[in-house]
Amino acid sequence: MKQILHIFVKDTRRFWPEILISLAIVAALVYAYPHQWTVTVYNMQDPSMDLLGRFEMLSGIFSALVPLGWFVLIARLIHAESLVGDRQNWLTRPYRWPQLLAAKFLFLAIFLYVPLVVAQSILLSEAGIDPLSTLPGMLFNLLLLTGLVVLPTVAIATVTSSFIRMFFVLIAIVIGLAVYAVPASGVGLVDNSVRSLIVQLGRVLSPSHILHSSAQLPTALLLGVISCAVVVLQYARRREWISRMILLGVPVLLGCINLLAPTSALSGQTRLNRDYPPQAVGEPALIDLAIAHPPAVSRWTAKSDMADLFFFLHVSGISSENALKVDQAKLTIQGSDGFQWSGRSIFFSPFSESNRQSYLSVDLPISVYSRLQASPVTLRITLAAEQLHAEKQTSVPLSTQQFTVPDYGVCATAPQRGGATIFSCRSAFREPTLTRTTIEKSEAPCPASQTELMYMGGNEWSGLMNSEPAELGIGPIMFSMFGFEIHQRDMMGKHLCTGAPVTFTQYKAVRHVQTTVTIPNVQLTALR
Amino acid sequence: MMEATIRTNQLSKRFGRTKAVDSVDLAVPEGAIYALVGANGAGKTTLIKLLMNILRPTAGHSVVLTTDSRCLQGKAFQRIGYVSENQELPEGMTVGGMLDYFRAFYPAWDRDLEAQLVRQFDLPRGRKLAQLSRGMKMKAAFASSLAYRPALIILDEPFSGLDPLVRDELIEVLLERAPETTIFLSSHDLAEIESFSSHVGFLDQGRLLFSEEMSVLSERFREVSVTLDKPSVLPDHLPASWLQPQSADCMLHFVHNRYKESDTAREIYAHFPTARDISFDAMSLRSIFLAIAKANRDVAAHASSDAAEEAHA
């Protein structure tokens, strides 16, 4: 223990400038981050929107700078007793490697983890969330950060001899991640501004984009174990080439796992049938879809050789305690002569009892459109979906002030352009479980003691299906928004009053299922 | 018989196809001042790094202070002081900071000796190592490696590139420590080594050509000058112990590496019966080193030309 403290004190004295810089970045994050919810006006024409944009960008920059500060700190710390090379003075001094390694981890615990935990606790308190109540999420987030960021960085530091060399490794990793993540994201310069590029790249390289939340824990465990093995091998034996080979093998291993995973060998339809088994014969229909009338307004696709089909769907057949979250949708159009065309589409919101209207948009090649438009066609909509079941309900009175929803987060109204209001909610370390929000409208006018909300927009569904207690990230607050899909005719003679009970219903996936809905006798010309 | 502080057994190290250290068998007795000499690239630094477990041997093994060098780490270094010309010191620290830091690692650290060394070397405790000259850095390294009275001091080219004054200071301090320790040092500065070494080993292209007491070596080597009655051609087969034989007119010169006055004289008369006068001159370590190095080069050149001729044939 004496040697551990001795080395720790030496490192602290030596690296105080790096420590101060790292702490300053964390402090800046603590300052900038809460402005994301304290500046709540979302009106694009309001000058304060620019302020909000700046604070959002600052928060993003500081969130990225924190791990960069760690990178510098870890590199300097490990290279102080470099494990690569044969000229280091410490190699022939009575260092015991477990003590040396322990001293390094003590340093990281005190100057990396403690400031982060303190900063996250401050931010949670600022957001109106009790930090102690989020302990599992905080620990899970630390586990992810350790496995995916800290330990791999320490491992890389143990196989590099200088900061410059380690920096080049970092650049290579960032380029590798960008090559992996950018093509799928369709990132590009929208308005030719550097800011736009930074924002888009930041989004593409964000942890949740690179690594799906369900894959974060296994990847963190795998990377963490491999990194630990490299670190111990280096400190105990200094086998730099073996260690380098192990680390180089990590991306190869992850690639192989991806390629050799059982699903990878299957073709698209086979995999879909496996992951989303078709509904059993004779089982009652999970959903019924019909073309809504009147059909869509006329729309034109940007591509001249494509015809954009767009139509509203009337949804029915879903029981009150169930919902259907569509992960993939395929539209097949069959002509009277047997000719078929298929295309993919997406549905943004789960279907529920109250979500009675949806829409479908498909780009159809103009040649196909020309062939099929003459006579009525049959539409087959195949849905690969998760059947959801309502689990837990919480009711809170509607308020224009900040209010807390148990197991959901802290919510506040966020006015939108045009006077609409949605609710912006903050939750700790992850978005809330997939939740549907409903409200009771009043037949009578609001009493004088209550405020009437004139119009509310937005999606009644919010949150994520995954069950992990946290997502990888530096900032502890996740934002989600919900509103009430209120159609004008629903509101006829009804009033939305503060104090009305807002019901939050959490849903749990019951099963994955594939179901097909057939709509015969559709005239394509009416849909374009 | 004295216990060997360092003993190597067929110690070898390869870097790719290059044999940096080739089957070295070496024993350094306790209390010795052992000088490992050899030309640049002979493998001295590699051998020392093998002894210090900085590098791992390709074959063979060595024992340093009763510990297999492959297991040398942690506490074992509390009894070893190691200084190398190209060692990276913690340059961000001050001299005093470095001494304070290392002190905690050594239970036997002698604060009085530390103060004495700092005084003797005139070390500025408050200056950063990065700001010191090469000589001062070497002094600081010496002070930090001697203050705990190590049982074994290993020095790799410690005087290389230093001015004579600094060298004398370092040697003086080293000799003060000599009675209580074993010193193993490598150098190609033979004149200085000769003045204080008790043992010497000669490494050439990774191979240890000899390893013995300095006095025995000095006794063994003689520069021989023979005056002949008449000019004579060198015979084809001369004894292997005659290094670099050269003749001109009535004079014959060579270095004898198995010198024993009576035997050597008899041997000369056997090959040159007309020898009139024979003189034997003692040799400096530098002269011995050069004679061996040149002889080895000649042998290697002969071997390669023979091999080329055989291949041609």
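Chains as they are written, first to last, in the numbering used here: chain B, 2 to 529; chain S, 796 to 1108. Backbone N, C-alpha and C fix where the C-beta goes; we use that ideal spot for every residue, glycine too.
- In this structure, residue 60(B) sits near residue 33(B), with a CB-CB distance shorter than 9 Å.
- Taken in chain order, the complete beta strand (DSSP E) segments of 3 or more residues contained in the region 852-902 of chain S are 854-859 and 875-879.
- Using a Cβ-Cβ cut-off of 9 Å, residue 934(S) does not count as an interface residue toward chain B, since no Cβ of chain B sits closer than that to its own.
- Excluding five sequence positions before and after residue 968(S), the CB atoms of its chain that fall closer than 8 Å to its own CB belong to 912, 915, 916, 937 and 941, given in chain order.
- According to the DSSP assignment, residue 808(S) belongs to no alpha helix (DSSP H) but to the beta strand (DSSP E) extending over 799-810.
- Under the three-pair Cβ rule at 8 Å, the region 217-231 of chain B counts as touching the region 467-480 of chain B.
- Counting C-beta pairs with one atom in each stretch, the region 841-854 of chain S and the region 884-903 of chain S have fewer than three that are closer than 8 Å, which means they do not touch.
- Counting along the chain, the unbroken beta strand (DSSP E) around residue 832(S) starts and ends at 828-832.
- Going by beta carbons, residue 485(B) and residue 396(B) fall outside the 9 Å limit.
- Using a CB distance cut-off of 9 Å, residue 847(S) counts as an interface residue toward chain B.
- Just so you know, the alpha carbons of residue 946(S) and residue 973(S) end up roughly 10 Å apart.
- A straight line joining the alpha-carbon of residue 11(B) with that of residue 405(B) spans about 47 Å.
- Shown here for residue 78(B): same chain residues with a beta carbon closer than 7 Å to its own, the five before and five after excluded, namely 12, 16, 105 and 108 in chain order.
- Looking at 14(B), 350(B), 447(B) and 386(B), the one whose alpha-carbon comes closest to that of residue 460(B) is 350(B).
- What residue 1067(S) touches in chain B, judged by beta-carbon distance under 9 Å, is nothing: the nearest beta carbon there is about 52 Å away.
- Inclusion of residue 58(B) and residue 429(B) in the CB contact set at 9 Å is not warranted, their separation being larger than that value.
- Within the same chain, Cβ atoms closer than 7 Å to the Cβ of residue 63(B) are found at 26, 29, 30 and 33, the five residues on either side in sequence being excluded.
- Taking C-beta atoms under 8 Å as the contact rule, residue 365(B) and residue 342(B) qualify, at a distance of about 7 Å.
- Segment contact: the region 85-99 of chain B against the region 870-885 of chain S, three or more CB-CB distances shorter than 8 Å; contact assigned.
- Rounded to whole angstroms, the gap between the alpha carbons of residue 369(B) and residue 309(B) is 12 Å.
- The alpha-carbon of residue 876(S) is positioned some 17 Å away from that of residue 841(S).
- In this structure residue 427(B) is buried. Its beta-carbon is surrounded by 16 or more other beta-carbon atoms within 10 angstroms.
- In the structure shown, the three-state DSSP call for residue 935(S) is helix.
- Around residue 68(B), the same chain offers 150 as residues with beta carbons nearer than 6 Å, after the five sequence neighbours per side are excluded.
- With its beta carbon less than 9 Å from one in chain B, residue 881(S) belongs to the interface.
- The straight-line gap separating the alpha-carbon atoms of residue 878(S) and residue 956(S) is approximately 14 Å.
- Look at residue 7(B): its C-beta is under 9 Å from a C-beta on chain S.
- At a beta-carbon threshold of 9 Å, none of the residues of chain B lie near residue 811(S); the nearest stands roughly 13 Å away.
- The Cβ of residue 925(S) sits no closer than 9 Å to any Cβ of chain B.
- Between residue 179(B) and residue 248(B), the gap from beta carbon to beta carbon reaches 9 Å or more.
- Non-local C-beta neighbours of residue 1091(S) in its own chain, meaning closer than 6 Å and more than five positions away in sequence, comprise 999, ordered along the chain.
- Cβ-Cβ distances below 8 Å link residue 1067(S) to 1021, 1023, 1027 and 1047 in the same chain, with the five nearest sequence neighbours on each side left out; the list follows chain order.
- By the CB criterion at 9 Å, residue 961(S) and residue 829(S) fall outside the cutoff.
- Collapsing the DSSP output to three states places residue 1045(S) in coil.
- Contact annotation: the region 383-400 of chain B does not touch the region 800-819 of chain S, with fewer than three C-beta pairs closer than 8 Å.
- Counted as a single uninterrupted DSSP element, the alpha helix (DSSP H) harbouring residue 157(B) occupies residues 152-159.
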